[in-house]
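Let me begin by presenting the structure, written as structure tokens, before commenting on it.
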Amino acid sequence: MNLKEIVEAALFASPRPLTVEDLGHLFDDNERPAAEALSTALAELTRDYENRPVQLQPVASGYRFQVRAAFSPWVSRLFQEKPARYSRALFETLAIIAYRQPVTRGEIEEIRGVTVTSNIIRTLLERDWVSVVGHRELPGRPALYATTREFLNYFNLQSLDQLPPLMTFGQDEWPVSATLADASTVPSPEDVG
Amino acid sequence: MNLKEIVEAALFASPRPLTVEDLGHLFDDNERPAAEALSTALAELTRDYENRPVQLQPVASGYRFQVRAAFSPWVSRLFQEKPARYSRALFETLAIIAYRQPVTRGEIEEIRGVTVTSNIIRTLLERDWVSVVGHRELPGRPALYATTREFLNYFNLQSLDQLPPLMTFGQDEWPVSATLADASTVPSPEDVG
Amino acid sequence: MAGMTQPPAAEATPTPVAVVNGNPLVKLPEDLYIPPEALEVFLETFEGPLDLLLYLIRRQNLDILDVPIAEVTRQYIAYIDMMQEMKMELAAEYLLMAAILAEIKSRMLLPKPEITVDQEDDPRAELVRRLQEYERFKNAAQCIDQLPRWERDVFGVTVDVSRIEIPRILPTVDLKDVLSAFQDVLKRAEQVTHHQIQREQLSVRERMSAVLSRLMHAASVEFRQLLDGREGRQGVIVSFLAILELARENLVEIVQEEPLAELLVRRRGEGGVQFP
């Protein structure tokens, strides 16, 4: 059991980075190695782990072992959380944007009767389901939101016309399948914009 | 970046033991290696780390990297909190549950010739070393206790088979070599349990 | 591990000394091997009567299968009496065992009904069985105690993963959820407001967004560029309606710089004004 191995064991076991001083404290006073000996061990370990999946990394608060970023595609799956579910408020906001576009947040709130959180708008923008297509010439120049081509792609629509028409509201069931099957005769807006 | 390196990186990164199945899930469906390939990687890694401060240990919940017991004199100093000590009474109770499971408290008391305190049972349940797996159809429907996977993980075991065999009648000497030879077993009054 | 409860005293042959009615503090029997100061921890040292009996037997290397019951009983009772003399609280199990031992001893003294004594008829048989059983688990407990233990002997590794990038998995959404949410909105709107949400051609609204979006990049676009003949008649109508609606909502203006010049669709606001 040599010094380098003890240092290696401690660095692996420690939940936080360790300094040369921390490493010294692993030993009894009368057995404590010199700081240079510990530094040498750290330098050698750094070299030993140069081409390994784990590397010895000096950071502000000491040395720690770290998994190389290159392994992210696989290792990240250990930490991936189950995706959360979106709120009903988000669905409502998205639907209003789809049917009433281009529309401002204020207008959405007027229809919904409740506030639309920035969080919802941000999520919809991040998903690239809606985008800002302009601003209304009103105080504060509120952004005008519209659905995107990505929105159509995601929901497997060729054009917004494939959404059920407003007329059918009030029925208990959405005739979604029927509507989707009814291919619209209206050309897609692909050539515009 | 080969399979062995990916497995190595994941095992170092994971806060819990990983099974072959867990390791398979690091990959996309169409890139998932065969279970044998993963097992081979694990076997090779076990060999690679044979003489290192860190070892690849199979336990009940899968494989984990851990710092070898030989380094505990130094490594334990990293942690302020001293590991809990447990009484002989607790270990006798645990041993009876491990070897005789599922077993009731009354049956444990019959073997030990003395009362098993609620304190002991509570500690074992709190540590998640034992759990209630049913009730005996007797007056009072006494709980049946069994050891858990956490018990095996904690004591570095893959399965109950790996427990030292119960001494057979007539044998005066216990096969000490099967266990760690150095640990002291003198009970002390401040023991937990 | 054989010596776990044995004090380091030198071995001695048991001497027949009676303690019971004497003063135990000054006249400790020499074969008890427990110094007076250790009596305090007696109850913690032994895990019950079976443990104490095993200690008495093992200490003297007696054969557990042929226990000299009289001798062991004498020693056992000496301990118990000593505990009681010291007014230590004694678990009921210890007294029960004393009674069992006394009973076995008396049965051993009775004349044997037959010459060949079956092992099962041995009054000690049940006690021996229990002692053996207990000893097995006592040893097993010691073995478990000596297994390498997590966070005492072996330690988990903690390797930093801050360099690992974790892509977020986004929730999947069913169009039906969006639509049924919208249905709720409309129902609410009907109840509370004068909001008239009438049927509109979604393709027009869609095209309105497209025109606006195009004006994000250029402050103005020629009117005819927004009407693409390749879309056919209906496509042109949709675009036309969209532009009119945008103008009505004051989102764009349709301008002509000079007579007979190209009709321009210009976005409202700073950008539009600055257009040459």
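Heads up: the sequence lines are chains A, B and C, in that order.
By this note's numbering, the letter at position 14 of the first sequence is numbered 22, and the numbering carries on one by one without gaps.
By this note's numbering, the letter at position 37 of the second sequence is numbered 45, and the numbering carries on one by one without gaps.
By this note's numbering, the letter at position 16 of the third sequence is numbered 1027, and the numbering carries on one by one without gaps.
Glycine included, each C-beta is placed from N, C-alpha and C at the ideal position.
From a predicted model like this one, the values you see are computed outputs, not experimental measurements.
With fewer than three CB-CB distances shorter than 8 Å, the stretch 1237 to 1254 of chain C does not count as touching the stretch 148 to 161 of chain A. Identification of chain B residues near Y1090 of chain C by a Cβ-Cβ cut-off of 7 Å yields none; the smallest Cβ-Cβ distance measures about 15 Å. With a threshold of 8 Å between beta carbons, P1159 of chain C makes no contact with chain A. For H143 of chain B, the beta-bridge partners assigned by DSSP are B:A151.
S1231 of chain C is bridged by DSSP to C:R1277.
DSSP lists no beta-bridge partner residue for P172 of chain B.
With fewer than 16 other beta carbons inside 10 angstroms of its own, H1228 of chain C counts as exposed.
Secondary structure of T112 of chain B (DSSP, three-state): strand. With distances taken between CA atoms, L133 of chain A lies nearest to A:L152 out of A:D37, A:G148, A:L152, A:E117. Closest in C-alpha terms to S167 of chain B, from the list B:S69, B:V75, B:G142, comes B:S69.
Within the stretch 23 to 34 of chain B, the residues whose Cβ lies closer than 7 Å to some Cβ of chain A are H33, L34, listed in chain order. Using beta-carbon distances, K1149 of chain C counts as an interface residue toward chain B, with a partner under 8 Å.
The way I'd put it, the stretch 114 to 129 of chain A doesn't touch the stretch 1156 to 1176 of chain C; fewer than three beta-carbon pairs between them come closer than 8 Å. Linking A17 of chain B to P61 of chain A through their CA atoms gives a straight-line distance of about 5 Å.
What D1188 of chain C touches in chain A, judged by beta-carbon distance under 9 Å, is Y94, R96, F99, going in chain order.
Cβ contact annotation for P25 of chain A (same chain, cutoff 7 Å, sequence separation greater than five): V67, S69, G70, Y71, R72, in chain order. For G114 of chain A, not one C-beta of chain C is nearer than 8 Å to its own C-beta. Leaving aside the five residues that flank W137 of chain B on each side, the residues in its chain whose CB is nearer than 8 Å to its CB run, in chain order, L102, T155, T156, E158, F159, Y162. Below the 8 Å Cβ cutoff, chain B contributes R120, G121, V122 as neighbours of L1061 of chain C, in chain order. For the options C:V1170, C:A1102, C:R1118, C:C1154, the alpha carbon positioned closest to that of L174 of chain B is the one of C:C1154. For E1264 of chain C, the enclosing beta strand (DSSP E) has its first and last residue at 1263 to 1267. The bridge partners DSSP lists for P66 of chain A are A:Y71.
The beta-carbon of V75 of chain B is placed less than 8 Å from the nearest beta-carbon of chain C. Under the 8 Å criterion on CB atoms, A1192 of chain C is classed as interfacial with respect to chain A.
Under the three-state reduction of DSSP, W137 of chain B is assigned to coil, being neither helix nor strand.
A Cβ-Cβ contact shorter than 8 Å links A1109 of chain C with I1091 of chain C. At a cut-off of 8 Å between C-beta atoms, I129 of chain B does not count as an interface residue with respect to chain C. The beta carbon of N1261 of chain C sits closer than 7 Å to those of R1279, all from its chain and outside the five residues before and after it, given in chain order.
In the displayed model, G1167 of chain C falls within a strand according to three-state DSSP. Residue-level contact check: E1104 of chain C touches chain B, since one or more beta carbons of chain B fall below 8 Å from its beta carbon. If you draw a 10 Å sphere on the C-beta of M1219 of chain C, you find 16 or more other C-beta atoms in it, and that means buried. The secondary-structure analysis by DSSP pairs L26 of chain B across a beta bridge with B:Y71. In the structure shown, Y94 of chain B falls within a strand segment according to DSSP collapsed to helix, strand and coil. In terms of Cβ geometry, A42 of chain B and K12 of chain B do not form a close pair [threshold 8 Å]. Annotation for I1115 of chain C: the continuous alpha helix (DSSP H) segment containing it runs 1103 to 1120. Any Cβ of chain A closer than 8 Å to the Cβ of M1227 of chain C would place that residue at the interface, and such an atom is present.
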